[in-house]
Amino acid sequence: GYCAEKGVKCHNIHCCENLRCKCNDDRSSCVCRKNKVS
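Right under this line is the structure:
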């Protein structure tokens with residue numbers, strides 16, 4: 003399947019491996035960001 007790369011909008015697509023979908027406060031804009039491994 004297709005996945006969204008870093009910096010790509012992830013409203014209706016899941017982010018690629020090691021990335022997470024991060025939205026702004028009003029959730030109008032969501033993009034994939036690097037997932038910090040704890």
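Numbering (this note's numbering) for the sequence shown: 3 to 40. Every residue, glycine too, gets a C-beta built ideally from N, C-alpha and C.
Own chain, CB closer than 7 angstroms to L21, minus 5 neighbours either side, in chain order:
Here residue 21 corresponds to residue number 19 of the sequence shown, with the count starting at 1. Closer than 7 angstroms at the Cβ level, and outside the excluded window around L21, lie K8, C34, R35, K36, N37.
If C23 and S31 are in contact, beta carbons under 8 angstroms, what's the gap, nearest whole angstrom?
Counted from its first residue, the sequence shown places residue 23 at position 21. Counted from its first residue, the sequence shown places residue 31 at position 29. Contact flag wrong, Cβ pair sits at about 11 angstroms.
Here's the rule: buried if 16 or more other CB atoms are within 10 angstroms of the residue's CB, otherwise exposed. What is C5?
What you label residue 5 is simply residue 3 of the sequence shown in a count that begins at 1. Answer is exposed; the Cβ neighbour count stays below 16.
Under 8 angstroms Cβ to Cβ from K19, same chain only, skipping five residues before and after it: list those, please.
By one-based count along the sequence shown, residue 19 stands at place 17. Looking at the sequence provided, one finds Glu at residue 19 rather than Lys. Cβ neighbours of E19 beyond the five flanking positions: C5.
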